[in-house]
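Before any comments, here is the structure.
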Amino acid sequence: MGSVLVFGASGQLGQCLAYVAQARGTAGLVFLPEAQANILHLEGLAGLFAQHQPAYVINCAAYTAVDKAEDELDLARKINCDGVGNLARLCGEYGTVLIQISTDFVFAGTGNQPLTETDETAPISAYGLTKLEGEQVIPSLTERYFTLRTSWLYSEFAGNFVKTMQKLGRERDELRVIWDQVGTPTYAIDLAGVILGIIESGSTAYGLYHYSNEGLTSWYDFATAIFELSGIAVKTTPIRTSEYPTKATRPPFSVMDKTKIKATLGVAIPHWRESLKVCVERLAAVQ
Numbered sequence: 001m002g003s004v005l006v007f008g009a010s011g012q013l014g015q016c017l018a019y020v021a022q023a024r025g026t027a028g029l030v031f032l033p034e035a036q037a038n039i040l041h042l043e044g045l046a047g048l049f050a051q052h053q054p055a056y057v058i059n060c061a062a063y064t065a066v067d068k069a070e071d072e073l074d075l076a077r078k079i080n081c082d083g084v085g086n087l088a089r090l091c092g093e094y095g096t097v098l099i100q101i102s103t104d105f106v107f108a109g110t111g112n113q114p115l116t117e118t119d120e121t122a123p124i125s126a127y128g129l130t131k132l133e134g135e136q137v138i139p140s141l142t143e144r145y146f147t148l149r150t151s152w153l154y155s156e157f158a159g160n161f162v163k164t165m166q167k168l169g170r171e172r173d174e175l176r177v178i179w180d181q182v183g184t185p186t187y188a189i190d191l192a193g194v195i196l197g198i199i200e201s202g203s204t205a206y207g208l209y210h211y212s213n214e215g216l217t218s219w220y221d222f223a224t225a226i227f228e229l230s231g232i233a234v235k236t237t238p239i240r241t242s243e244y245p246t247k248a249t250r251p252p253f254s255v256m257d258k259t260k261i262k263a264t265l266g267v268a269i270p271h272w273r274e275s276l277k278v279c280v281e282r283l284a285a286v287q
């Protein structure tokens, strides 16, 4: 296997990939933080491809500030679409396999059934729109790609909902958490393992896949589980989305169907509570 370039390596998923690669003894990964490898600079990217001749590229670089994107659509589009296009173009030229990370926010989330890869996309936020545009630019530039849509990422690394809830739960007597948005939390360590598994398998079943942990929950029930597993006693009150207005609209139901990735790539997926327990235990060990 040739080298694997990881773009956006300083973010949450990039750090999880480094952790899992080290734990598994996976060699050949080159971690490129944004300061070293800007996906908007095509000339610099071309130099990296020429230097490393990568067999795979994992793109963890993204504009993920969901609310800010409403005011910064052009910047979000540059990173989430144009930058992805730059990587896809070079992957096509070099015969490199691109692994792109996308999101459940490409859906409107107005239904109540798990969403498949063939369901209609209809993003209701600038962030979701630009991530969908990034998905759509890839197939015209390379046939060798895996696009993985995921949701509600958390881990021991970087800022995320689990760490925020633990902090607030220890600081406050009461928290109000939204209960009418339903989805699936995804342990980024699990996602990192799936990504490395795809590379190690050498699969050529290219295309679009959904990956999150199993099960479904609301943000309120997710927060309650975090407090239970963390031993944090805080009163938690469920509220409607309308009681906590945000600039960007979130999909109310974004549970994704994982049948395709399980059947095609043989991926085993743990339930979200099992993975949350692992994460909380690891956080406790380092605190």
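For the sequence shown, the tail end lands on 287 under our numbering, and the numbers increase by one without skipping.
Just so you know, even glycine gets a beta-carbon here, dropped at the ideal spot from N, CA and C.
| task | Could you check the C-alpha separation between L87 and I124 for me, to the nearest Å? | result | 26 Å
| message | Assess contact between the region 194–204 and the region 213–232, defined as three or more Cβ pairs (one per stretch) separated by less than 8 Å. Is contact present? | response | no
| Chain-order list of residues whose beta-carbon lies under 6 Å from that of S230 (same chain, five-residue window excluded) | Q166, V280
| message | For D71 and E156, what's the separation of their Cα atoms in angstroms? | response | 30 Å
| request: Give the straight-line distance between the Cα atoms of L32 and T217, rounded to the nearest whole angstrom. | output: 34 Å
| Along the chain, which unbroken stretches of the alpha helix (DSSP H) at least 4 residues long are found entirely within the region 64–131? | 73–77, 83–94
| task | For the beta strand (DSSP E) containing R282, list its first residue and its last residue. | result | Note, R282: premise wrong, no beta strand (DSSP E); alpha helix (DSSP H) at 272–286.
| So the alpha helix (DSSP H) I178 belongs to, where does it begin and stop? | Where I178 is concerned, there is no enclosing alpha helix (DSSP H), although the beta strand (DSSP E) it sits in stretches over 174–178.
| query | Looking only at C-alpha atoms, which of A61, L17, H210 sits nearest to P114? | reply | H210
| query | Which word fits Q53, buried or exposed, when buried means at least 16 other C-beta atoms lie within 10 angstroms of its C-beta? | reply | exposed
| Identified DSSP bridge partners for P330 | Limits of the chain in this structure are 1 at one end and 287 at the other, which puts residue 330 out of reach.
| query | Per the contact definition of three or more C-beta pairs closer than 8 Å, is the region 137–144 in contact with the region 247–266? | reply | no
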